[in-house]
Amino acid sequence: MDPKASLTAPNAIREMIRAGDYSGPTNGFVPGFTQCNIVILPKVYAFDFQKYCLQNHDCCPLLATSVTAGDHHLDALGGNIDIRSDIPKYRILRDGQLIDEVNNIHQLWREDFVTFALASYVAFDYVLHSFGFTHSTTSPAHTLPMYISNIPSLPVGPFAGDKVVCLRPMDTQEIIKAIQAGSISRVPHGIPVHFGDPSQIGIRNLSKPNFGEPIFFQEDKQPVFWTTSLTAHLAITRAAPELCIINSPQHMLVTDRPDMDLLIQ
Numbered sequence: 140m141d142p143k144a145s146l147t148a149p150n151a152i153r154e155m156i157r158a159g160d161y162s163g164p165t166n167g168f169v170p171g172f173t174q175c176n177i178v179i180l181p182k183v184y185a186f187d188f189q190k191y192c193l194q195n196h197d198c199c200p201l202l203a204t205s206v207t208a209g210d211h212h213l214d215a216l217g218g219n220i221d222i223r224s225d226i227p228k229y230r231i232l233r234d235g236q237l238i239d240e241v242n243n244i245h246q247l248w249r250e251d252f253v254t255f256a257l258a259s260y261v262a263f264d265y266v267l268h269s270f271g272f273t274h275s276t277t278s279p280a281h282t283l284p285m286y287i288s289n290i291p292s293l294p295v296g297p298f299a300g301d302k303v304v305c306l307r308p309m310d311t312q313e314i315i316k317a318i319q320a321g322s323i324s325r326v327p328h329g330i331p332v333h334f335g336d337p338s339q340i341g342i343r344n345l346s347k348p349n350f351g352e353p354i355f356f357q358e359d360k361q362p363v364f365w366t367t368s369l370t371a372h373l374a375i376t377r378a379a380p381e382l383c384i385i386n387s388p389q390h391m392l393v394t395d396r397p398d399m400d401l402l403i404q
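Anchor point for the sequence shown: position 223 equals 362 in our numbering, and the numbering is continuous, going up by one each time.
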């Protein structure tokens, strides 16, 4: 479906997904409203995972959690959200290994499940556009290449691993402007963690991202890297819980919460 379609309200997007009428990526839908990566874990892992997110807020900005175990709503992000069906595609992990991808998880739902919603990098793309960035790699509809860096996250219990970063190529003036945008807006994922030589953060080949599609850029640009909440997904595969459900990459939860409500205090 064309992201420019007439469905401009987040709840309309969720209803379409819930009905099974759309199962593709959510990039570009309703710009200005927060999209989240989702993690669903058994309650026994919930305390450590929540602490892991809080300890690594730069890459795992936690926006909402279930009120109680078994609750499949996230009222803090939208009044009618049903986490079992409002994501276009889910990944099912057993012992840290991907075993299936499905379009709803009604049959898998358990009363001990706890849901976590983490802000994605899409919010900062919206900020960059508001600051005058117009090239495709700063468009909310564009999928950025993402790489597993050698920057360690802070471990908590079984959750640990290196940070996942996304790439936006920029020239020197754009880097300055992007840092200003991140500092002023204070949205999650707004301040870059590295720019310049990618090998300094463990990235050997920009043409082979771990997630997303590679991009090619002119010689006057240099690679600039920001953290992403896929760091949490990587930590989960390392922790290898007996069961975990996450959203497929770029298939996120579209919420009713405006991006500019995410200001870091």
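Built from N, CA and C at the ideal position, the CB exists for glycine as well.
Check: Report the option in N349, I375, T394, F334 whose CA atom is closest to the CA atom of R230.; Outcome: I375
Check: Could you give the distance in angstroms between the alpha-carbon of I354 and the alpha-carbon of S346?; Outcome: 7 Å
Check: Does the region 283-301 come close enough to the region 208-218 to have 3 or more Cβ pairs within less than 8 Å?; Outcome: no
Check: Would you tell me roughly how many angstroms separate the C-alpha atoms of P164 and F350, rounded to the nearest one?; Outcome: 14 Å
Check: Where does the unbroken beta strand (DSSP E) through P170 begin, and where does it stop?; Outcome: Unbroken run through P170: none, as it is neither H nor E.
Check: Please tell me whether A151 has its Cβ less than 8 Å away from any Cβ of chain C.; Outcome: Annotation note: the requested chain C is absent from the structure, which comprises a single protein chain.
Check: Tell me the DSSP bridge mates of M285?; Outcome: C305, F350
Check: Going straight from the alpha carbon of Y184 to that of T311, what length do you get?; Outcome: 43 Å
Check: Just checking my contact of V253 with K182 at CB under 8 Å: how many whole Å lie between their CB atoms?; Outcome: 5 Å
Check: Work out the CA separation of A299 and T277 for me, nearest whole Å.; Outcome: A caution first: T277 carries a pLDDT of 49, below 50, which makes its placement in the model too unreliable to give a value.
Check: What does the alpha-carbon distance come out to for the pair G171 and R396?; Outcome: 9 Å
Check: Could I get the ranges of all uninterrupted beta strand (DSSP E) runs contained in the region 201-282, with 3 residues as the minimum, in chain order?; Outcome: 201-204, 229-233, 236-241, 252-258
Check: From the DSSP output, which residues share a beta bridge with F298?; Outcome: V295
Check: By alpha-carbon positions, which one of V326, L369, M399 ends up nearest to V178?; Outcome: L369
Check: State the DSSP-derived secondary structure class of M391, mapped to helix, strand or coil.; Outcome: coil
Check: Less than 6 Å between C-beta atoms, sequence neighbours within five positions excluded: which residues of the same chain meet that for I385?; Outcome: V178, R230, H372
Check: Exposed or buried, which one is Q389 when buried takes at least 16 other CB atoms within 10 Å?; Outcome: buried
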